[in-house]
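J.: First residue of the sequence shown? That's 170 in the working numbering, and the numbers climb one at a time after it.
Just dropping this structure here.
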Amino acid sequence: MTHPISHPGAITPEALHSRLHTRVLAQSVEFYESINSTNRRAMELVDAGAPDGTLILAEHQTHGRGRLARTWHAPPHTSLLFSLILRPPLAPHQAQRATMLCAVAAVEAIAETTGLAAGIKWPNDIVIAGKKLGGILTELQAHGQQLAAIVVGIGLNVNLDAAQLPPLITPATSLAAELGHSVERLQLLVAFLERADALYDRMLAGWSPFALWRQRLVTLGQPVRIATDEGLLEGTATDVDENGALLVTTASGRVQHVLVGDVTGRAAPPTETP
Ligand code: BT5
């Protein structure tokens, strides 16, 4: 673990600690100047018994992970890259609530910090004007019907020039690109953690972030093509259910629930070599 002191605008655990007022989240923090993947480290810490709310934060990832074995790219010091270990009293089928909560907190923190109105593209992209601003990767540790932990990993493009990224399946943007000036990453991180902490408090008392998440979805009402395990599904995204599944109404009027998949509005399903 290293603590950067020289990079302008660098995030340090000390600076985070001095500004943060949370009850559960980020009471325990691991910080890395560079690591393979904060999600990978979080899953190791889950096995080691890390407490609820543990935050793993990095300035750079050598093997940042997306969903479905894809890669998350972020040049050092340009982004927010972190994972939270959550241990809410949920059944495995309710685990998407943790992702919903973090997506809502991210959108609210972005609005508070920058004034920008971001949205959520089902299932877990943070988008603005049709471009991808961030992504969420949720991984579970369950023992039978008992959920041991949820790891929610978030990557947000803050002061990043999309031209620094390799070719992507959806166009990317960053907060700085949308605003025309850079954003203080620590302020955004603090805003996120404080929002998420307040929502998590409610979730621990039985509340679901579903309605807030649904309100912020930009996917509803849109024609979609979804690559699913069973093949390509085409139709209109008409709704979502409490567990996070997308309801797609096909031309024949059949409603299909999709739990995992990639939505595209384009003429062809996404292809990418990981
Ligand atoms: C995601 O996956 O969007 C989830 C990304 C989660 C990343 C965080 S960073 C901290 C934590 N630790 C990790 O190891 N991961 C999490 P998915 O929906 O599969 O999207 C991945 C796809 O997004 C890639 O295949 C690229 O096409 C694209 N992509 C990669 N980097 C990007 C970026 N910086 N901005 C926009 N799009 C990007």
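Don't be surprised by glycine CBs; every beta carbon is placed ideally from N, CA and C.
Find out if the Cβ-Cβ distance for the pair Thr282, Ile254 is shorter than 8 Å.
T.: Sequence index remark: in the sequence shown, residue 282 carries index 113 (1-based). Sequence index remark: in the sequence shown, residue 254 carries index 85 (1-based). Not closer than 8 Å, so no.
J.: Can you find the residues in the same chain that come closer than 7 Å, C-beta to C-beta, to Ala274, ignoring five residues on each side of it along the sequence?
T.: For the purposes of this step, residue 274 is taken as the residue at position 105 of the sequence shown. Excluding residues within five positions, the ones whose Cβ falls inside 7 Å are Phe361, Arg364, Ala365, Leu368.
J.: What's the gap between the Cα of His229 and the Cα of Phe251?
T.: Taking the first residue of the sequence shown as position 1, residue 229 is located at position 60. Taking the first residue of the sequence shown as position 1, residue 251 is located at position 82. Distance between the alpha carbons of His229 and Phe251: 10 Å.
J.: Looking only at its own chain, which residues have a Cβ that is under 7 Å from the Cβ of Leu259, when we skip the five neighbours before and after it?
T.: Translated into the one-based positions of the sequence shown, residue 259 becomes position 90. So the qualifying residues of the chain are Arg266, Leu316.
J.: Quick one: residues in its chain with C-beta nearer than 7 Å to the C-beta of Val427, no 5 flanking neighbours on either side, listed in chain order?
T.: Position 258 of the sequence shown holds residue 427. Correct list, in chain order: Ile395, Thr397, Leu402, Ala414, Leu415, Val417.
J.: Among Asp408, Gly375, Ser421, which has the Cα closest to the Cα of Pro257?
T.: On the sequence shown, residue 257 is found 88 positions in, with the first residue counted as 1. The shortest Cα separation from Pro257 among Asp408, Gly375, Ser421 belongs to Gly375.
J.: Count the other C-beta atoms from every protein chain shown that fall within 10 angstroms of the C-beta of Thr207, then say buried if there are 16 or more, exposed otherwise.
T.: Indexing the sequence shown from 1 puts residue 207 at position 38. When all chains shown are included, Thr207 counts as buried.
J.: Between Ala332, Asp370, Gly390, which has its C-alpha nearest Cys464's C-alpha?
T.: Given that the chain is displayed from residue 170 to residue 443, the structure contains no residue 464 and the question cannot be resolved.
J.: Which of the three DSSP states is assigned to Ile240 in this structure?
T.: Position 71 of the sequence shown, counted from the first residue, corresponds to residue 240. For the sequence presented, residue 240 should be read as Thr rather than Ile. DSSP places Thr240 in strand when its eight states are reduced to three.
J.: CA-CA distance, Ala318 and Leu309?
T.: What you label residue 318 is simply residue 149 of the sequence shown in a count that begins at 1. What you label residue 309 is simply residue 140 of the sequence shown in a count that begins at 1. Looking at the two C-alpha atoms, the distance is approximately 6 Å.
J.: Under three-state DSSP, which class holds Ile338?
T.: The residue labelled residue 338 in the question sits at position 169 within the sequence shown. Ile338: coil per DSSP, three-state reduction.
J.: Would you call the region 380-392 and the region 195-209 touching, i.e. three or more CB-CB distances under 8 Å?
T.: No: fewer than three Cβ pairs fall under 8 Å.
J.: Could you pull out every unbroken alpha helix (DSSP H) segment of at least 4 residues lying fully inside the region 295-363, listed in chain order?
T.: Segments of the alpha helix (DSSP H) lying fully in the region 295-363: 344-348.
J.: Since Val409 and Leu386 are thought to touch, with beta carbons under 8 Å apart, how far apart are those beta carbons, to the nearest angstrom?
T.: By one-based count along the sequence shown, residue 409 stands at place 240. By one-based count along the sequence shown, residue 386 stands at place 217. Indeed they touch by this definition, with Cβ atoms about 7 Å apart.
J.: Using the C-alpha atoms, what's the distance from Thr268 back to Ser343?
T.: As a working mapping, residue 343 is identified with position 174 in the sequence shown. As a working mapping, residue 268 is identified with position 99 in the sequence shown. Cα to Cα, the separation comes out at about 21 Å.
J.: Could you tell me whether the region 181-193 touches the region 209-218, where touching means 3 or more Cβ pairs closer than 8 Å?
T.: Result no; under three Cβ-Cβ pairs closer than 8 Å.
J.: Going by the beta-carbon positions, is the gap between Leu355 and Ile180 smaller than 8 Å?
T.: Translated into positions along the sequence shown, residue 355 becomes position 186. Translated into positions along the sequence shown, residue 180 becomes position 11. Cβ distance < 8 Å, so Leu355 and Ile180 count as in contact.
J.: Quick check: does the Cβ of Leu416 come within less than 7 Å of any heavy atom belonging to the ligand BT5?
T.: The count along the sequence shown starts at 1 and reaches residue 416 at position 247. Result no, Cβ not under 7 Å from the ligand BT5.
J.: Does DSSP put Ser187 in a helix, in a strand, or in coil?
T.: To locate residue 187, count along the sequence shown from 1; it is residue 18. In this structure, Ser187 counts as helix in the three-state DSSP scheme.
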